[in-house]
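Only one structure is covered here, and it is reproduced in the block below.
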Amino acid sequence: MDNSARNRSERYGPRTETSPEAEAHLATFVRLGKDPEDVAEKVMRGIKENEMYIFTDPELRSPLEERFQRILAAYRQP
0 MDNSARNRSE
10 RYGPRTETSP
20 EAEAHLATFV
30 RLGKDPEDVA
40 EKVMRGIKEN
50 EMYIFTDPEL
60 RSPLEERFQR
70 ILAAYRQP
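Just so you know, we're using numbering that gives the first Met the number 0 here: the sequence shown kicks off at 0 and counts up by one.
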């Protein structure tokens with residue numbers, strides 16, 4: 000996150016502050032992340048097959064589905 004703040008272009012405005020809990024969550028997420036070689040293989044295959052989306056972790060399907068359902072529900076509102 001420090002690199003993101005350091006490299007953020009001024010045209011996007013100031014970096015928003017994150018909570019210590021959010022930073023700890025991200026650190027855990029990175030530490031427990033997938034093997035880079037496995038991710039690279041999936042990404043390269045997706046690029047070669049001209050895939051619109053490349054998913055590298057099946058465990059993220061459920062949160063993605065939940066988010067998409069919230070988006071669709073908001074879209075239906077007049």
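Don't be surprised by glycine CBs; every beta carbon is placed ideally from N, CA and C.
Computed from a predicted model, the values in this text were never measured in an experiment.
Please state the DSSP three-state secondary structure of residue i.
| i | result |
| --- | --- |
| asparagine 49 | coil |
| glutamine 68 | helix |
If you check the beta carbons only, do residue i and residue j fall under 8 Å apart?
| i | j | result |
| --- | --- | --- |
| alanine 26 | arginine 14 | no |
| threonine 17 | valine 38 | no |
Can residue i be considered in contact with the ligand MN, in the sense that its beta carbon sits closer than 7 Å to one or more heavy atoms?
| i | result |
| --- | --- |
| arginine 5 | Because no ligand of any kind appears in the structure shown, any question about the ligand MN cannot be addressed here. |
Discussion item. List, from N- to C-terminal side, the alpha helix (DSSP H) runs of 4 residues or more that fit wholly inside the region 8-38.
Written reply: 19-30
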